[in-house]
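A.B. asks:
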Amino acid sequence: MKPVLFILVFTLGAVSLSAQSFWSFIGQGDLPESGGQRVLAFEHRLVRFNLEAAAALLADESRTSVRLSVPMPDGSAAWFDVWETPVMPDALQARYPQIRCFTGQGVTDASALLKCDLTPQGFHAMILSPQHSPVFIDVYEPATPSVGVVYFKKD
């Protein structure tokens with residue numbers, strides 16, 4: 002019985018590790034007052050990213066993909082199975098290992114496609130789906146790469 006329980010607990014733990022969230026919605030009052038906002042969208046959500054947690058989660062080479070929660074402009078979260086898709090030649094990637102690009106297939110919306118990157122300048126993403134307008138996630142302002150803005154292209 003003990004080995005079965007151990008395997009069950011270990012499996013559940015592994016699933017929860019692969020389905021982590023590295024972000025949380027924040028309010029306008031949680032922003033620093035630097036005035037460097039780069040994206041002006043009528044309707045949007047602000048998000049604080051834990052960039053270190055995202056880097057650790059996405060760097061896990063023991064799996065071919067990672068299940069990742071991504072914020073949506075309507076306040077929901079969309080789930081994706083994400084894997085690394087390098088776009089730089091190997092020599093250039095070795096020179097800049099902190100710049101990583103990823104692709105994701107929708108789990109919540111199977112028709113959705115995620116393209117994203119994680120760099121020292123923050124997390125950036127684009128979600129394409131026939132179910133809604135394209136979604137963009139950009140850094141809110143250069144001074145705080147851990148704060149992002151999530152919005153539909155139509156906004």
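Start counting the sequence shown at 2; every next residue gets the next number (my numbering).
Think of the CB as a built atom: it goes at the ideal place given N, C-alpha and C, for glycine as much as any other residue.
Just the Cα atoms here: how many angstroms apart are Arg-96 and Asp-82?
C.D. replies: For Arg-96 and Asp-82, the distance between alpha carbons rounds to 27 Å.
A.B. asks: Go ahead and pull the three-state DSSP assignment for Glu-53.
C.D. replies: It is helical.
A.B. asks: Is it right to say Gly-73 is buried, meaning 16 or more other beta carbons lie within 10 angstroms of its own, or is it exposed?
C.D. replies: Correcting the residue type first, residue 73 is Met in the shown sequence and not Gly. Flag for Met-73 reads buried.
A.B. asks: With a threshold of 16 other CB atoms inside 10 Å of the CB of Phe-7, please say whether the residue is buried or exposed.
C.D. replies: Because the pLDDT at Phe-7 is just 35, under 50, the model does not fix this residue reliably, and the point stays unresolved.
A.B. asks: Are the stretch 87-95 and the stretch 55-72 touching, with three or more C-beta to C-beta distances below 8 Å?
C.D. replies: With a cut-off of 8 Å, the stretch 55-72 and the stretch 87-95 do not count as touching, because too few Cβ pairs lie within range.
A.B. asks: Under 8 Å by Cβ, that's how I've got Val-151 and Arg-46 pegged, so tell me the actual separation to the nearest angstrom.
C.D. replies: Their Cβ separation, rounded to whole angstroms, is 5 Å, which keeps Val-151 and Arg-46 in contact under 8 Å.
A.B. asks: Spatial neighbours of His-133 within its chain, please: C-beta separation below 8 Å, excluding the five flanking residues on both sides.
C.D. replies: Once the five neighbours on either side are set aside, the close Cβ partners of His-133 are Phe-153.
A.B. asks: Determine the closest residue to His-125 out of Val-140, Ser-112, Ala-113, with distance taken between C-alpha atoms.
C.D. replies: Cα-wise, what sits closest to His-125 is Val-140.
A.B. asks: Return the first residue and the last residue of the beta strand (DSSP E) that Gln-106 is part of.
C.D. replies: Where Gln-106 is concerned, the enclosing beta strand (DSSP E) stretches over 101-107.
A.B. asks: With a Cβ-Cβ cutoff of 8 Å, do Met-127 and Pro-135 count as a contact?
C.D. replies: Taking 8 Å as the Cβ cut-off, Met-127 and Pro-135 qualify as a contacting pair.
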